[in-house]
Amino acid sequence: MLKSWLTFLRVPELFTLPGDVFAGFLLTAAELPRLAVLPLIALSLSAVLASVCGSIFRAILNIRDDILRHPERPLPSGAVSPRAAMVAMVASGLLSLAFAIIAGPLGFLAVLLLLCASFSLKSLPVAHGLRVALGVIAAIDLTAPEINRTVIAGIFALGLILYSFGRWKVLSCKPELTMKPGRRFFFAGAVIAYGTLFGIAVNMPTDHWYTITCGIISALSSGLFIVLMYWSFRLLQYPNTPDEVRRNGGLLLFSLIFLHAAAAALFGSLILTGIFIAGAILSRLIAIYLSKPTQGV
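The letter at position 243 of the sequence shown is residue 242 when you use numbering that gives the first Met the number 0, and the numbering goes up by one with no holes.
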């Protein structure tokens, strides 16, 4: 039963979520005061619980389709009852909002938008951008209160507009093309969010090398949690093959580094852009190598 719930909640994927929040915090914070630890942890837990809530919601919504196409999954197979899934969904959603309240109104708004994104589609760049924004909120509220909060509100507004438009494109396309048109708009939303974050970091009273350091740490933070996700899949013996996990992890790492490069380019940080482009090329080559099936499998 425990393994069924671990599979149902997609526990390995949850390891990638705190890295997004930490990345946003490291990218924005001019210093790391001890007081920032509590809201940072609270927003990280809130992001994880929001993802769990959305994942359960989509599983319940697609149960009829899964009975036909994926009867082995926990919900259609009966390993997890619909009533228990509903209780878990409501509980995770309420806990997510409760943790967000600790960070104040902006954190609450960000988690609400993150929940909306999680309810509709999964693994989208816009959700990643919102999680990074959670880390930014934790840093700004405690280290740079003088920054105009309308800038942060603009991140959410742009992300929500692009998310809504992308969602409409997904619904209006043919089933075999689902996700492809919409992902372009989600990708654009994430680039804008990252660009705004880099703009805040550049305009804060710090030197150029600090911005470069924060950007590199931000990318490494996301990459570290991707590695944790990979080993979680392996150790928990999920149905995904090692080749699939490595391939998906490599592509995810490439997309994260490429987003960092695009954002750095928007604000003219040539050194940081070059570093990220080199990292993106390297991660792409690694992803191509990992996509090759293992011999003898």
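Using N, Cα and C, we set each Cβ at its ideal position, and we do this for glycine too.
Computed from a predicted structure; not experimentally measured.
- Message: I'd like the list of long-range same chain contacts for residue 37, defined as Cβ closer than 8 Å, with 5 residues on each side in sequence excluded.
- Response: Same-chain partners within the cutoff: 101.
- For the candidate residues 60, 69, 92 and 71, whose alpha-carbon lies nearest to that of residue 81? Taking the Cα of residue 81 as reference, the smallest distance to any Cα among 60, 69, 92 and 71 is reached at 60.
- Pull up the distance between the alpha-carbon of residue 72 and that of residue 46, whole angstroms please. 24 Å
- Candidates 8, 4, 79 and 109, of which the one nearest residue 54 by Cα: 8
- Item | Short CB-CB distance (under 9 Å) between residue 96 and chain B | Annotation note: the requested chain B is absent from the structure, which comprises a single protein chain.
- Whole-number beta carbon distance between residue 98 and residue 41, since they are thought to touch under 8 Å: 4 Å
- Query: Who are the near neighbours of residue 48 in its chain, counting only those whose CB is closer than 6 Å to its CB and skipping five residues on each side?
  - Reply: 91, 94 and 95
- Using a Cβ-Cβ cut-off of 6 Å (strictly less than) and excluding sequence neighbours within five positions of residue 298, which residues of its own chain qualify? Outside the displayed range of the chain (0 to 296) lies residue 298, so it cannot be described from this structure.
- Item | Residue burial classification, residue 1 (beta-carbon count within 10 angstroms, cutoff 16) | exposed
- Message: What does the alpha-carbon distance come out to for the pair residue 78 and residue 50?
- Response: 21 Å
- Pick from 52, 57, 84 and 20: whose alpha carbon is nearest that of residue 3? 84
- For the candidate residues 87, 63, 52 and 10, whose alpha-carbon lies nearest to that of residue 115? With respect to the C-alpha of residue 115, the residue from 87, 63, 52 and 10 having the closest C-alpha is 52.
- Query: From what residue to what residue does the alpha helix (DSSP H) around residue 77 run?
  - Reply: Unbroken run through residue 77: none, as it is neither H nor E.
- Task: Please list, in chain order, all residues of the same chain as residue 6 whose beta carbon is under 6 Å from its beta carbon, the five residues on each side excluded.
- Result: Excluding sequence neighbours, residue 6 sits near 73.
- Task: With a threshold of 16 other CB atoms inside 10 Å of the CB of residue 20, please say whether the residue is buried or exposed.
- Result: buried
- Query: Can you tell which of 56, 13 and 10 has its C-alpha closest to the C-alpha of residue 89?
  - Reply: 56
- Quick one: what's got a C-beta closer than 7 Å to residue 66's C-beta in the same chain, skipping five residues either side? 75
- Query: What separation, rounded to the nearest whole angstrom, lies between the Cα atoms of residue 62 and residue 13?
  - Reply: 22 Å
- State the DSSP-derived secondary structure class of residue 101, mapped to helix, strand or coil. coil
- Pull up the distance between the alpha-carbon of residue 111 and that of residue 87, whole angstroms please. Rounded to the nearest angstrom, the two C-alpha atoms are 18 Å apart.
- Message: DSSP three-state label for residue 169, please.
- Response: Per-residue confidence for residue 169 stands at a pLDDT of 43, beneath the threshold of 50, marking its modelled position as unreliable; no derived number is given.
- Query: Mapping DSSP to helix, strand and coil, what is residue 38?
  - Reply: helix
- Message: If you follow the alpha helix (DSSP H) that residue 9 is in, where does it begin and where does it stop?
- Response: DSSP places residue 9 in no alpha helix (DSSP H); its state is neither H nor E.
- Message: Once DSSP output is grouped into helix, strand and coil, what is the label at residue 70?
- Response: coil
- Out of curiosity, what's the CA-to-CA distance linking residue 10 and residue 58? One C-alpha to the other measures close to 15 Å.
- Query: In whole angstroms, what is the alpha-carbon distance linking residue 64 and residue 113?
  - Reply: 25 Å
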